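Since the structure comes first, as structure tokens, the remarks are kept for the end.
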Amino acid sequence: MIESTPSAYGYPLLIKHLLHTPLRHAPDQEIVYRDLVRYDYRTLAQRIGRLANGLASLGVGPGDTVGVLDWDSHRYLEGYFAVPSMGAVLHMVNIRLSPEQILYTINHAEDDVLLVHADFLPLIEGLRDRIERVRTIIVMVDEGNVPATPLEIAAEYEALLASSSAEYDFPDFDENTRATTFYTTGTTGLPKGVYFSHRQLVLHTLATATALGTAAEQGRLHRSDVYMPITPMFHVHAWGLPFIATMLGIKQVYPGRYAPEMLLKLIETEKVTFSHCIPTLLHMLLNCPASANVDFRGLTMIIGGSALPKGLAQAALDRGIDIYSGYGMSETCPVLTLAQLTPAMLEDPAERQIDVRTRTGLPLPLVDLRVVDPEMNDVPHDGKCTGEVVVRAPWLTQGYFKDPGNSEALWQGAYLHTNDVGYIDPAGYLQITDRLKDVIKTGGEWISSLEIEDILSQHPSVSEVAVIGVPDTRWGERPLAIIVPKAGHEQSLTEKVVKAHIAAYADKGIISKWAVPDRIVFTTAITRTSVGKTNKRALRDLYAP
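Counting from 1, one number per residue, gives the positions in the sequence shown under full-length UniProt numbering.
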């Protein structure tokens with residue numbers, strides 16, 4: 001233990017400290033909400049203070065939980081700072097869950113207060129008789145008046161801020177105090193609550209900013225960028241980027257409810273240069289008719305949530321987007337790896353660069369990531385031997401909220417188990433090959449559904465694809481490919497064409513011959529989870545009952 005001078009300041013790692021740098025070095029920088037709101041960082045800090053005072057006047061104190069149901073907005077950003085910095089807990093409610101699941105998370109998280117966008121008032125009205133603990137509801141509206149509602153409304157958000165002082169003395173407290181909570185969206189069982197402390201969020205912010213800011217050229221984030229999330233702010237803190245952007249004093253643009261035309265308009269008019277999203281959203285943007293005239297050059301995008309197919313990566317690169325993968329999960333706050341090119345790789349052929357950009361990536365600073373066999377022994381880093389990805393880092397959830405059984409399983413052997421299968425290549429890049437539950441086991445061999453999806457995505461007539469294992473009496477399981485053809489290619493994209501495309505990869509030895517799917521199913525849409533990931537459990541129920 002070091003000796004501390006009695007008058008020395010211990011400087012706990014608290015979220016409030018992330019505001020020091022931008023207020024000193026970028027006070028005039030802008031925060032933008034759609035085409036409705038525009039203010040500077042000085043105003044952001046004042047509104048954070050007003051929100052804290054307003055909540056305190058309604059009885060919110062340390063240890064209370066404040067739930068938020070909103071689209072991506074400046075208000076959400078204010079809540080990111082005001083609520084935890086009071087010593088309260090911010091619950092980011094997943095508005096894409098079913099009403100029953102939302103009710104469960106509000107009750108399980110023990111929400112005391114709800115900040116509710118007017119769009120979600122009907123939802124809360126339908127649940128009000130079964131909400132157990134909430135004592136205060138604050139309504140947020142973009143324009144106009146609060147709609148009529150039978151709910152007892154304590155305040156309208158802007159009126160509450162207008163009547164509250166901008167001066168709030170955010171206290172110091174233990175940096176291990178819980179700051180945020182939200183719920184995972186698995187395909188089985190009830191949602192599980194994960195939680196993060198101030199210390200964890202600050203360290204995640206610093207490490208991710210370091211990885212992004214020290215990139216050679218490709219995949220870099222710096223203070224002259226313009227940031228806009230296209231990952232919901234309720235989903236793992238929008239991957240932590242709002243905290244990073246605020247700490248760096250970057251111009252931030254919040255798009256509200258995701259609509260392709262609005263997203264594209266903001267990218268153009270606000271000159272957005274840095275964003276992140278899941279593959280589905282990028283696919284939607286690139287295929288939106290309004291995108292034809294949008295100049296994407298200068299835009300950097302991290303793709304996460306599920307694997308980045310090479311076909312989609314090529315389509316993005318063709319439009320001038322600097323695209324690459326990131327990896328993490330709800331339990332990891334989330335970022336663990338980034339697939340940035342090293343300086344030496346910048347001169348590599350385009351095909352080699354795409355291979356690296358679509359990998360899972362290199363671990364961030366402070367991340368201890370291993371690929372292990374069932375006995376927790378490391379497998380060789382040869383780009384071939386696979387195992388489960390396990391990890392340690394100073395920002396991983398320490399368990400599931402009020403769920404000791406699943407918490408112990410998560411942390412078996414003192415490493416967090418991702419349930420992802422992958423390998424590490426000689427250059428140190430991680431490649432996820434599948435989820436443990438999605439690996440196709442055929443004739444004693446394992447087939448990666450992600451690898452087959454990646455190959456099929458490169459066919460010029462394929463829009464979207466998912467591969468699942470279906471029962472087979474001889475082999476145990478066999479791969480089934482579910483494909484959405486591109487518009488206008490519905491007749492030309494046949495099962496014969498698809499099988500010939502993937503068989504060519506087997507002939508070259510890129511995949512094994514038994515990895516070629518026996519069946520191809522064509523559909524108009526692929527079932528997805530509440531956060532836009534392919535719902536393979538639902539697909540198995542549908543195609544392999």
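Heads up, the beta-carbon is just placed ideally off N, CA and C, and yes, glycines get one too. The model shown is predicted, which means the values in this text are computed figures rather than measured ones.
For residue i versus residue j, is the C-beta distance shorter than 8 Å?
i           : j    : result
A26         : D64  : no
V66         : D28  : no
I468        : Y327 : no
G256        : S73  : yes
E156        : V146 : yes
residue 549 : L539 : Any property of residue 549 remains undetermined from this structure, which presents the chain solely from 1 to 545.
R357        : A344 : no
I424        : L430 : yes
V462        : K486 : yes
Q458        : D322 : no
W514        : E445 : yes
L90         : Y80  : yes
A525        : V516 : no
L18         : T208 : no
E30         : L51  : no
L161        : R47  : yes
P309        : E132 : no
T342        : A216 : yes
M247        : T21  : yes
D518        : R474 : no
S330        : T184 : yes
I511        : A481 : no
Tell me residue i's beta-bridge partners as DSSP assigns them.
i           : result
V391        : L369, L416
D169        : DSSP output for D169 lists no bridge partner at all.
E445        : T442
D322        : T300
Q29         : Answer is none; Q29 lacks a bridge partner.
L69         : V116
A155        : I138
S275        : M301
Y195        : T181
residue 550 : Here the chain has residues from 1 to 545 only, and residue 550 is not among them.
V335        : G328
Y400        : V194
R34         : None; R34 has no bridge partner.
T43         : The partner list for T43 (beta bridge, DSSP) is empty, contrary to what the question assumes.
L362        : L338
Within 10 angstroms of its Cβ, does residue i collect 16 or more other Cβ (buried), or is it exposed?
i    : result
A140 : The sequence given here places Met at residue 140; Ala does not occur at that position. Classification of M140: buried, given that the 10 Å Cβ count is 16 or more.
E167 : exposed
Y11  : exposed
H117 : buried
C385 : exposed
E152 : exposed
L44  : buried
G509 : exposed
E125 : exposed
I303 : buried
L221 : buried
H237 : buried
I2   : exposed
D436 : The amino acid at residue 436 is misidentified as Asp; the sequence shows Leu. Classification for L436: exposed.
S224 : exposed
E388 : buried
P62  : exposed
K496 : exposed
Y76  : buried
T205 : buried
Just to confirm my understanding: we take residue i, look at its own chain, exclude 5 residues before and 5 after, and list those with CB closer than 7 Å. What are they?
i           : result
N53         : S164, S165, Y168
residue 596 : In the structure as shown, the chain starts at 1 and stops at 545, and residue 596 therefore has no counterpart that could be examined.
F234        : M92, V93, N94, I95, F182
E175        : P12, L13, L14, S197, H198, R199
F296        : R319, G320, I321
A154        : L58, T136, I137, I138
Whose C-beta lies closer than 6 Å to the C-beta of residue i among residues of the same chain, with five residues either side of it excluded?
i    : result
V390 : R370, V372, Y415, H417
A245 : Y227, Q252
L121 : T149
R359 : A339, Y429, Q431
K441 : G476, E477
G443 : W475
G298 : T273
Is there a Cβ of chain C sitting closer than 8 Å to that of residue i, yes or no?
i    : result
T181 : Given the protein chain composition of this structure (a single chain), no chain C is represented.
Could you pull out every residue in the same chain whose Cβ sits closer than 8 Å to the Cβ of residue i, ignoring the five residues on either side in sequence?
i    : result
R352 : M345
Could you give the uninterrupted runs of the beta strand (DSSP E) lying entirely in the segment 203 to 261, keeping only those of 3 residues or more?
-> 251 to 254
Can you list the alpha helix (DSSP H) stretches of 4 or more residues lying completely in the segment 81 to 106, in chain order? none
Please specify which runs of the beta strand (DSSP E), each continuous and at least 3 residues long, are wholly inside the segment 446 to 482, giving them in chain order.
462 to 472
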